[in-house]
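This report concerns only the one structure given below.
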Amino acid sequence: MKARMCEHCKTEEAVYAMQYIASDEPSLYTLGSHIRGFPVIRVCPRCGAEQKYIDEQAKLFLALSGHQK
Ligand SMILES: [Zn+2]
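Note that the sequence shown covers residues 771 to 839 in our numbering.
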């Protein structure tokens, strides 16, 4: 089974699912325990810690997903 790679650095294995559930603040969940029905961005621990960088990408991602407020 292939490991899912981080969607940002694409070199580390993704272990977190970052989601915007009810606010502009991203929430990190471990993959598998994330909330279904919301856009998921898979990230490694290092990228998960760099949320400021991810934030811009996440907004773009959400915009593309039609998940804007
Ligand atoms: Zn990464």
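The beta carbon of each residue, even a glycine, is placed where N, CA and C say it ideally should be. Please read these numbers as outputs of a predicted model, since none were measured by experiment.
Counted within 10 angstroms of its Cβ, other Cβ atoms place residue i as buried (16 or more) or exposed
i	result
I811	buried
C776	buried
Beta-bridge pairing of residue i - partner residues as DSSP gives them
i	result
Q789	S797
R812	A787
Between the CA atoms of residue j and residue i - distance to the nearest angstrom
i	j	result
M788	Y799	6 Å
D825	A773	24 Å
Y786	G836	22 Å
A792	H778	23 Å
K803	F831	The sequence shown places Ser at residue 803, rather than the Lys named in the question. Rounded to whole angstroms, S803 to F831 spans 21 Å at the Cα level.
D794	I805	16 Å
Any non-hydrogen atom of ligand 3 within 6 Å of residue i CB
i	result
H778	Because ligand 3 does not appear in the structure shown, any question about it cannot be addressed here, the ligands present being ligand 1.
8 Å contact criterion, which residue i and residue j should meet: CB distance rounded
i	j	result
E783	C817	At roughly 11 Å, the Cβ-Cβ gap does not stay under 8 Å, so E783 and C817 are not in contact.
P796	A828	6 Å
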